[in-house]
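Student:
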Amino acid sequence: MKNPILLRDINQQLDDIRIDRHGIIEASAGTGKTYAVTKIVRKILVETATDLNSILLVTFTEKAAGELKEKIRAEINLCLKDYPEKRDKFQKSLKEFDDAPIYTIHGFCHSILQEYSSESFEVIQDEKNIQKKLLYQMMRKEWETLYGQDFDFLLSVSGFPEYDGRTKNSRTLKKILDGSTTFQHLAEDILRPEPEDISLLIQEILKGLRKIQESLQGVSFPETSKTKIKEEFFQKIRLFLSAQNEKEIFLSSVDLSELFQKKEKTADYITEADLSEFLRFMNDNDQKIKSIKNYLISDSIQRLRERMKNFKKKYRLLSYQDMLSHVFEMIQSGFITQAVREKFSFAVIDEFQDTDFIQWQIFKKLFTQGQKQKLFVVGDPKQAIYSFRGADIYVYQEAKKYLQENSALVYELIVNRRTIKPLIQKLNTLFSYREKDQKDWFDTEGIVYQEVEALENKKTDHECFQIIHLGDGIHSGKAKNRLADGIACEIEFLLEKREKTEKNNLICILVSKRKEALPIEKSLRKKGIAYSFYKKPGIFESDEAVSLYYLLKSTAMPSDKKLFLKCLLSPVFDFKKEDFEKLPFLSSSHPLRIFFQSLQNFSRDEKWGMFFDEILRQVKIKISTASQMLNKERILTNYEQLSEILIREAESKNLDIYALSDFLQNRIQNQEGKEDIHRIETDSPAVQIMTVHASKGLEFPIVFLAGGFGESPERDLYVYHQDKHRIIDLCPDAEGEKKALRELREEEKRLYYVALTRAKERLYLPYFRQEKTGKGEYSKKAKGFVIETLVPLIEEKDMKIFSKDWKMYLRDKEKEKTEEKETPFCERYFDFFFQEYRQKKILETSFSSLHIHKKIEPENDEFDTGILVSQEDFLPRGKETGLCFHEILECYDFTNPLKEAVIEKIKKYHLEEHEEQVFTILKQLSKTEIMPGFSFDKLNPSLLLREKEFFYSFPAGIKTYLNGFIDLIFFWEGKYYLADWKTNYLESYEGEPFYHLVVSEYELQYEIYVFALDLWLSGNIKNYDFKKNFGGVLYLYLRGISPETQKGIYFLPAEKIELETIREKMKQIIEAQHESISIL
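Written out as structure tokens, the structure reads:
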């Protein structure tokens, strides 16, 4: 293959581009790719008899197509002046310009189908809802029949939770839906595991496992051991040997096998336990065992795709991907090939690095296998970052190779027209850096970094390439928070130096995913710095979407007071806590009553335009009167865009208020991987936050990279390439997993290339070294690629890159005490809080939290109490364990526990290694006699009330509110009891020290609980009497509870509770505070 032709100035080198041959134009970031496309079109129009309507131009987004149209129109106007002898031709091009074939790829396919297909069809933008409905139908009506006697076994080994034909949220279902979307049969994808006779395979494996069981029956294993790992090892062996039914044998063998792989020390015990035969069998049959575990998923993917195909055919529906497939099939059959070739002499395909197999086959057939057609593909393989949408860099490489074999020339643009020279030089150093066996920043075969040149040597009075040194020996959570505060401080400084007219779109903060922006937003708000998103993942993730949801629900269910209160806390009304006491006395003529009545009338008559106009009117009033509100334009724009979407959805599908609120709820809860574009507000602030994916094609004077801290998330589907096929693998072998992770890593590098090349004048990159491990070395966990790459560059003496020590820069703000304070889980818990808690109690976070009288600390089970831990206790400390148990016990059925549901929570909090201990504690809690004659496994589940929220306002003049949650209320032998779960580590769970600790730590807490429960019972039970109807208070320390003892149980019976004393105490506290009380 010939070396590429380097283009420094396309105007002067236009003659170097041959239009009598196919062409490949590779344009690095900032080198003027779109400009090159317009010059190619100009050359074709000037040098050939080809009309504009005979040149097909294809790009990959509507926005890009619109920009390309305007630039080509401008270029034709220039041609009118430059070539007066061709005036008629160019005037005709302008006259017919609106019909010029400038499309997105889907627009092109749609035009082909409209012109050449006799079938009518409806284009659907999102087919996920159809997918889900068809999958649920398969689950309810077909699975049991399809899989027969293997059905229960396959459900268990696939990890499917609580199957009842209606379960809709599980990782197993997500794999099926994602696999159905990703796998493309026409693209010659291969799905693994491939179909085989599953019944025979199951029996083959089980036969081998039973044989091993028999051979080990005479071997004895110790009950206890000096080491926890060894004890766990032998415990799992005993479980395997005692397993009776097929599910238990299979799952226990897999569990034991996985322990071998995870724990290095277990290798020492294999000989001691004489398990060499078992291990050999598991290794030899590893892929067969994985195939069994994933058979249900793989088979369902295939069946779901077939049902989707039949369903869409029946109702004449086409998705965007279907349009491509239909055109591909029409062209392959030769039905329209010649007609399209006669219509177009040239095709110029922009953003070709984002192509896929089917798209390439369409262009290949139409424009490279005819006699006269010429194909130009334009792109930058270094910016191939959309594999999650189906784009395939390996298809690009295959297309490039094919075109070169068919006389195509390769041109490379090497002059950057965006970025100043000093920054270009730094980026060249970074992208060309070689370490070990790595050829440069890019590992992908066929991608070689060509250093770029700057258009001009613009002078600068600042350091253009700044490494943000966040400190050494710190964890990533602290680094993120330090970076967020530092960015806010630096932006404040930068904005002070700029004139107002220079501030619009001045600064961009790039993140890899939405949650990385949360600490940055918090720091910007503290500084009063306005910011916005140009694009961000999901407008349906915004607070405005959630507030509209509660408004819709409240309109649909006007008698639900809790919904009504949540609705009033939203920005639509912006109520404060003190306003709530007035609500019960609102007259029918009150504006709030009139507003809601109007909404109910509009929704009843399905007058959706008037419904949302009324809401927008209220929003505009609030925004205009809120002097302290930041990002007003952003908020209003979000409400307007959401209203348009909801009106369109309601009117096109004839939805009522209930269906519309369900639609919105579904969009809010299912936003992963989506990028709903946020409309730009009219007054762009200086600071924009966006994902790296959204930033592609944009540029900013100043760019902060705020991502690059974490490793890539675990994948359910492993995608890699082998023998020119794309493999979708649910259970890859070691080699397959290595390939998939390598390809993922390669794309991550390309993603950060895109991020770093957005800057025109100044670029900030984060750098820190992880806290040290026990061996004294820096940990590699949670280190992102950018940071890993910067480490050797920073440490090389000859690399002169400006480095600001932001640890010193922020010292005054963090204080030395904060520097030394360990803050585990800070970012991880914040992310969980934002994603999970908001869905459960969204908007109630605006209630202020007050720790009154003596401070009520957050529950000690979430933190280290400082008390010595019993050596028998080996569950991990910390918040994760406490949260895990609380979530399990929110839905745990003591009479008929479902193991799968518990395992799901265990995995969520990464406690898989302690699964046995968790189940032991739950079993002990169920069986232990908590009070004489009472244990939880004897209690009817209908008599349990979990996570009971209380919210009470007090008499007029006292603006105080009581708000919190009680873990459990239950009814036993005519009395109500309240219980609170604790997972604290204690030295002792019995005796005087234990009782004293509970009283000293939690007396005020349980008094508030008693006070709240007494208020609730008095309002809900006829002839209520505290002494007769209330049983008492239980504090249950889960680690200490055992059926053989009364350890870990603190019980305060009602007769020992002085209710009047508690009421007087509450009165004194309430009168003293006049604020909200929140029990965490």
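Position one of the sequence shown corresponds to residue 28 (my numbering), numbered consecutively onward.
Note that beta-carbon positions come from the ideal geometry of N, C-alpha and C, so glycine has one too.
#1: Which of the three DSSP states, helix, strand or coil, is assigned to Glu884?
#2: Per DSSP, Gln715 is paired with what?
#3: Out of curiosity, what's the CA-to-CA distance linking Leu551 and Leu497?
#4: Please state if the CB of Lys401 and the CB of Arg48 are separated by a distance shorter than 8 Å.
#5: Enumerate, from N- to C-terminal direction, the unbroken alpha helix (DSSP H) stretches of 4 or more residues contained entirely within the region 96-142.
#6: Closer than 7 Å by C-beta to Phe638: which residues in its own chain qualify, once you throw out the five before and the five after it? Chain order, please.
#7: Mind checking whether Ile451 and Val479 have CB atoms under 8 Å apart?
#8: Kindly indicate if chain C contains any beta-carbon less than 8 Å away from that of Ile264.
#9: Decide if Arg1066 is buried, meaning its Cβ has at least 16 other Cβ atoms within 10 Å, or exposed.
#10: Going by CA-CA distance only, name the one from Glu1034, Lys1049, Glu1071 that's closest to Gly1059.
#11: Given this structure, state the Cα-to-Cα distance separating Leu283 from Ser185, to the nearest angstrom.
#12: Have a look at Phe997 and Lys1055 and give me their C-alpha separation to the nearest angstrom.
#13: When the Cα of Lys96 is compared with those of Asp126, Glu74, Gln118, which residue comes out closest?
#14: Cβ of Met1117 within 8 Å of Cβ of Leu590?
#15: Considering just the uninterrupted stretch of the alpha helix (DSSP H) at Val945, what are its terminal residues?
#16: What's the gap between the Cα of Glu788 and the Cα of Gly636?
#17: Counting beta carbon pairs with one atom in the region 316-335 and one in the region 109-119, are three or more of them shorter than 8 Å?
#18: According to DSSP, is Met584 part of a helix, a strand, or is it coil?
#19: Within 10 angstroms of the Cβ of Thr208, are there 16 or more other Cβ atoms? Answer buried if so, exposed if not.
#20: Among all the DSSP beta bridges, which residues are the ones paired with Phe731?
#21: Rounded to the nearest angstrom, what separates Lys808 and Ile501 at their Cα positions?
#22: Look at the alpha carbon of Glu942 and the alpha carbon of Lys926, and state the distance between them as a whole number of angstroms.
#23: Smallest Cα separation from Gln749: which of Lys766, Gly734, Arg742, Asp760?
#24: Put Thr1088 into one of helix, strand or coil per three-state DSSP.
#25: So, Gly57 versus Asn532, is the Cβ gap smaller than 8 Å?
#26: In terms of residue numbering, what span does the alpha helix (DSSP H) encompassing Phe373 cover?
#27: So, Cys911 versus Ser318, is the Cβ gap smaller than 8 Å?
#28: Taking DSSP's pairing of strands, which residues face Asp756 in a bridge?
#29: Please work out which residues of its chain come closer than 8 Å, Cβ to Cβ, to Gly468, disregarding the five sequence neighbours upstream and downstream, and give them in chain order.
#30: Can you tell me where the alpha helix (DSSP H) with Phe912 in it begins and where it stops?
#31: Mind checking who Leu345 pairs with in its DSSP beta bridge?
#32: Enumerate, from N- to C-terminal direction, the unbroken beta strand (DSSP E) stretches of 3 or more residues contained entirely within the region 434-514.
#33: Near Asn455, what residues of its chain come up, given a Cβ to Cβ distance below 6 Å and the 5 sequence neighbours on each side ignored?
#34: Report the residue from Leu578, Tyr143, His489 whose alpha carbon sits nearest the alpha carbon of Pro728.
#35: Run through the region 967-1044 for me and flag every whole beta strand (DSSP E) of 3 or more residues, listed as ranges in chain order.
#36: Which residues mark the beginning and the end of the alpha helix (DSSP H) in which Val422 is found?
Tutor: Taking the definition as stated:
#1: At Glu884 the pLDDT is 31, less than 50, meaning the model places this residue with poor confidence and gives no usable figure here.
#2: Cys535, Ser559
#3: 18 Å
#4: yes
#5: 114-122
#6: Leu626, Phe629, Ser630
#7: yes
#8: Judged by its chain identifiers, the structure shown contains no chain C, having just a single protein chain.
#9: buried
#10: Glu1034
#11: 17 Å
#12: 15 Å
#13: Asp126
#14: Here the chain comprises residues numbered 28 to 1107, so residue 1117 is not present and cannot be evaluated.
#15: 942-954
#16: 46 Å
#17: no
#18: coil
#19: buried
#20: Ile536, Tyr791
#21: Residue placement at Lys808 is poorly supported in this model, since its pLDDT is 38, which falls under 50; the coordinates are not used for a value here.
#22: 10 Å
#23: Lys766
#24: helix
#25: no
#26: No alpha helix (DSSP H) contains Phe373, which is instead part of the beta strand (DSSP E) from 373-376.
#27: no
#28: Arg219, Tyr745
#29: In the sequence as presented, Gly is not what sits at residue 468; that position holds Trp. Excluding residues within five positions, the ones whose Cβ falls inside 8 Å are Leu457, Phe458, Ser459, Tyr460, Tyr476, Lys776, Tyr780, Thr816.
#30: 906-918
#31: Val150
#32: 436-440, 492-501
#33: Glu478
#34: His489
#35: 971-980, 988-999, 1002-1009
#36: 420-432
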